[in-house]
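The structure appears below as C-alpha cells.
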Ligand SMILES: NC(=O)c1ccc[n+]([C@@H]2O[C@H](COP(=O)([O-])OP(=O)(O)OC[C@H]3O[C@@H](n4cnc5c(N)ncnc54)[C@H](O)[C@@H]3O)[C@@H](O)[C@H]2O)c1
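Numbering (the numbering used here), first residue to last: 12 to 271.
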C-alpha cells in the first residue's frame, strides 16, 4: 500500500467539490497536504472542506469559476497569502455532454472548451507563475477521450486532446525550472458526471441507462471501471518525488483498454 506523505504541500484542486477532485482533496489532506478547493459549487465543496477539517486536515474553499481569469488570479493570491507557496496544482474541473456531431451547438463547443481547455490553460499559467523559482507539480485531468476518438463526444475529445498538447508543451517549456506537468487519462469513473452521461450514452447505443456501465466493463480487458482510489494513487505518485523524472507524461488509467 502506498503510504507516501504530502506534509505541508500546498495543493490547489479545481473541481474539488465533486468526484475525482473531491477524492483527491480528501486523500491529499489525509496525507498532510494543505488543500485549496477552487470550484463553482459552494455547497458540495464546503462539505468536502468540513469532512477534511473533521479528521484534523487543512482545507479551504475559494468559490471560483475557472473559466474566468480574474477569479483564478485573485484566489491564487489568497491561497499563497493563507498557506505560503503553492507546491502542487490539480486541474480536475470538467464538463461533458454527449451529442451527435451535427447536433452539437456552438454553445456546447464554447462551454466544453472553456471549462476543459481554456480553464486548464488559465490555471496552468497561475500555477506556473507561483512555482517559478522553487518548482512544483501540475496534474491535468485529461481522459481516455484525450487519446482515443469517440463518436457523440467530438467536442469533449477535442477539449481533452487539447489538454494533452497544452500539458506537454508547458512541461517542455518549464522542465528545467523544476516544474513537472503530467496528465491522468482515466477511462470511465462512475462519478456524478456519469449520472447524466449514462442517459446520453444509452441513447447512442440504444441501451437501457442501467446497462451502460456494465456494457463498458465487458469491453475493458480488466473488466472493471476505474475507482477513485486508482485516481488518488496516480495523483499522489505524480505529486511526490517517486515520479521526479516524469514530465509531459500521462497515466492511462484504463484497465488495459489503451496500451501506448
Ligand atoms: N468521470 C469520468 O468517467 C471521467 C473520465 C475521464 C476524465 N474525466 C475528467 O476528470 C475530471 C473530473 O471528473 P469528475 O467525474 O470527477 O467530474 P464531476 O462532474 O464529478 O466534478 C466536476 C467538478 O467540476 C466543477 N466545475 C465545473 N465547471 C466549473 C467551473 N467553470 N468552475 C469551477 N468548477 C467547475 C463542478 O462544480 C464539479 O465539482 C474532469 O475534467 C473530467 O472531464 C472524467
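Cβ atoms here follow ideal geometry from the backbone N, Cα and C, with glycine treated the same way.
- According to the DSSP assignment, residue 225 belongs to the alpha helix (DSSP H) that extends over 223–229.
- The beta carbon of residue 160 sits closer than 8 Å to the beta carbons of 168 from its chain, once the five residues preceding and following it are set aside; these are given in chain order.
- Looking at the backbone, the Cα of residue 145 and that of residue 189 are separated by about 7 Å.
- Nearest neighbour of residue 194 by Cα position, chosen from 44, 229, 180, 61, turns out to be 180.
- If you compare the alpha carbons of 166, 48, 138 with that of residue 114, the shortest gap goes to 166.
- Distances from the CA of residue 175 to each of 135, 35, 99 were compared; the closest alpha carbon is that of 135.
- The Cβ neighbour count for residue 14, taken over all protein chains shown within 10 Å, is under 16; the residue is labelled exposed.
- Per DSSP, residue 100 is not a residue of any alpha helix (DSSP H); the beta strand (DSSP E) it occupies stretches across 99–102.
- Taking the CA atoms as reference points, residue 270 sits about 43 Å from residue 92.
- Burial state of residue 178 is buried, judged by a 10 Å Cβ sphere holding 16 or more other Cβ atoms.
- Assignment of residue 152 by DSSP, reduced to helix, strand and coil, places it in the strand class.
- The beta carbon of residue 129 lies closer than 8 Å to those of 78 in the same chain, with the five residues before and after it left out.
- Between residue 213 and residue 223, the C-beta gap is smaller than 7 Å, which places the two residues in contact.
- Of the candidates 264, 19, 209, 100, 100 places its Cα closest to the Cα of residue 137.
- For the pair of segments examined, the segment 117–132 was found not to touch the segment 62–70: the number of CB pairs separated by less than 8 Å stays below three.
- Residue burial is scored here from C-beta neighbours: residue 216 has fewer than 16 other C-beta atoms within 10 angstroms and is therefore classed as exposed.
- Residue 256 and residue 262 have their C-alpha atoms roughly 14 Å apart.
- At least one heavy atom of ligand 1 lies less than 6 Å from the C-beta of residue 204.
- Here residue 143 is exposed: its Cβ has fewer than 16 other Cβ atoms, across all protein chains shown, within 10 Å.
- Annotation: the segment 12–54 contains the following complete segments of the beta strand (DSSP E) (minimum length 3 residues), in chain order: 21–25, 45–50.
- Remark: the C-beta of residue 77 is in contact range of ligand 1, defined as less than 6 Å to any heavy atom.
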